[in-house]
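Chemist: Those letters in the sequence shown? Residues -23 to -1, 1 to 296, per mature numbering (1 follows the signal peptide of the UniProt record, and there is no 0), in order. For each residue, glycine too, the CB sits at the ideal point set by N, CA and C. Just so it is clear, the structure is predicted and the values come from calculations on it, not from any experiment.
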Amino acid sequence: MKSTRAARLFVLVLLAVGGVALAQAVTSTPLPSLRPALSGERRFLTLPGFGRVAYYADPRGGGRPLVLTHSVNAAASAYEMKPLWDAYAGTRPVYALEWPGFGSSDRPDVRYTPELMTSALTALVNELGTDVDVVALSLGSEFAARAALGEPRIRTLALISPSGLGQPRGGTQEASAEDGGERLYRTLNAVGTPLYALLRTRPSIEYFLSRSFRGPVDRGLVEYSLETSRQPGAKYAPLYFISGGLFTPDAYRDLYGKLRVPVTVLYDRDAFVSFDRLPLFTAQPGVSAERIEGTDGLPQFERLPQVRAVLDAFWAANR
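#1: Determine the DSSP secondary structure at G197, reduced to helix, strand or coil.
#2: On a CA-only basis, which of P70, S16 and G28 is nearest Y56? Give me that one, please.
#3: In the structure shown, what three-state DSSP assignment does V87 receive?
#4: Nearest CA to the CA of residue 309: which residue from M94, V242 and P262?
#5: At what residues does the alpha helix (DSSP H) containing A121 begin and finish?
#6: Give the DSSP-derived three-state secondary structure of G234 in the structure shown.
#7: Please decide whether G127 counts as near chain B, where near means a Cβ-Cβ distance under 8 Å.
#8: Which runs of the beta strand (DSSP E) at least 3 residues long sit entirely within the region 9 to 58? Give them in chain order.
#9: Can you list, in chain order, the residues of its chain with a C-beta nearer than 8 Å to that of P13? Leave out the 5 residues immediately preceding and following it.
#10: Can you look up R188 in the DSSP assignment and give me helix, strand or coil?
#11: Could you spell out the range, first to last residue, of the beta strand (DSSP E) harbouring I131?
#12: Going by Cα to Cα distance, which pick from G26, R237, F21 and R196 is closest to F278?
#13: Go ahead and pull the three-state DSSP assignment for P69.
#14: Among all the DSSP beta bridges, which residues are the ones paired with Y244?
#15: Thinking just about the alpha-carbon of each residue, which of V102, S187, V199 and L24 is nearest to the one in L43?
#16: Using alpha carbons as the reference points, say which of S181, G127 and P91 lies closest to P226.
#17: For the alpha helix (DSSP H) containing L288, name the first residue and the last one.
#18: Once DSSP output is grouped into helix, strand and coil, what is the label at T149?
#19: Can you tell me whether DSSP reads L165 as helix, strand or coil?
#20: Express the C-alpha separation of V240 and R296 in angstroms, rounding to a whole number.
#21: When you compare the region 71 to 81 with the region 200 to 217, are there three or more beta-carbon pairs, one atom per stretch, that lie closer than 8 Å?
#22: Whole angstroms are fine: how far does the CA of A248 sit from the CA of L281?
#23: Between the Cα of P262 and those of L243, L275, T272 and V238, spot the shortest distance and give me the residue it belongs to.
#24: On the three-state DSSP scale, how would you describe K212?
#25: Once the 5 residues before and after V168 are set aside, which same chain residues still bring their CB inside 6 Å of it?
#26: Could you check what DSSP says for V250 in three-state terms: helix, strand or coil?
#27: Please name the residue, chosen from G28, S54, Q144 and G40, that lies closest to residue 297 on a Cα-to-Cα basis.
#28: Less than 8 Å between the C-beta atoms of L257 and A125, yes or no?
#29: Would you identify the three-state DSSP class for A113, choosing helix, strand or coil?
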């Protein structure tokens, strides 16, 4: 799902689990608006050359602001960070970014790149105008790491099931081709409407979410994923994701290995990423890792007390 080989497998699985609902999905009417994913105020900032990027804000409480960033997939949104939002809102200022092309952010037909995603996080930090702690999920970890390399106000990074710690070639984090996935993207976009119609069916969404839960899939996440995947323009960013164009070919070498801020990694098993080079990463000064046992990629839903304990200890040590 995060390389050429995985993308092709992804399409085959979609055909298997979602094909029966294709006709209905293609003809479904997009929702006129998307309900908020989180409590707090839904705000927007403008990225030049792109459009509006959404974020949620709850400035109550004291201390360093916390910024939450979700993953990237066919139906990603800030709802993926809802357990952490609910846990910390009111106790410290909390903000949750929705990457360009996802959630309530604009979804134009433009080229989606790691640099575009990174610029959204940097713009939010600039908007806040103060030091922040960032918690990033999955592929969002690569964008957060890239932002931290150029933005000194990102004081700490907590990475949940981060991509980019597998092998740089032949692994799940490799961009799909020498052209950064452009050829595959053009192929996918040529059949983008029926392909994305398969992605956004309930069977497809439930199947792929089930691979990130050890126990029952959170029903609220399923329902919100269905809603966000039906918004106008929803196909564009996910097709860049499937093509591999949103990945850094060697994220450990080019991003994680260059970090000089305190970092902690929360992980266990994950169907979509591997952690082959996590020992190399934790050998760096200021980098730690905590295994959240009994989880498959979304520990904030299944082991929230353990996740909070790790995060609170990490922040206490890096005030």
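Modeler: In terms of the structure at hand:
#1: helix
#2: S16
#3: coil
#4: The chain is shown only over -23 to 296; residue 309 falls outside these bounds and no answer can be derived.
#5: G117 to G127
#6: helix
#7: The chain inventory of the structure shown lacks chain B, comprising one protein chain alone.
#8: 18 to 24, 28 to 35 and 43 to 46
#9: R19, Y33 and S81
#10: coil
#11: I131 to I137
#12: R196
#13: In the sequence as displayed, the identity of residue 69 is Arg instead of Pro. Three-state result, R69: strand.
#14: R268
#15: V102
#16: P91
#17: L281 to A294
#18: Note that T149 has pLDDT 41, beneath the 50 cutoff, so the model's placement of it is unreliable and the number below is only indicative. T149 falls in the coil class under three-state DSSP.
#19: The predicted model places L165 with a pLDDT of 48, which falls under 50 and marks its position as unreliable; any figure quoted below should be read in that light. Helix at L165.
#20: 13 Å
#21: yes
#22: 20 Å
#23: V238
#24: coil
#25: Confidence at V168 is low in this model, with a pLDDT of 46, below 50, so its placement is unreliable and no value can be given for it.
#26: coil
#27: Nothing can be reported for residue 297, as the shown portion of the chain is limited to -23 through 296.
#28: no
#29: strand
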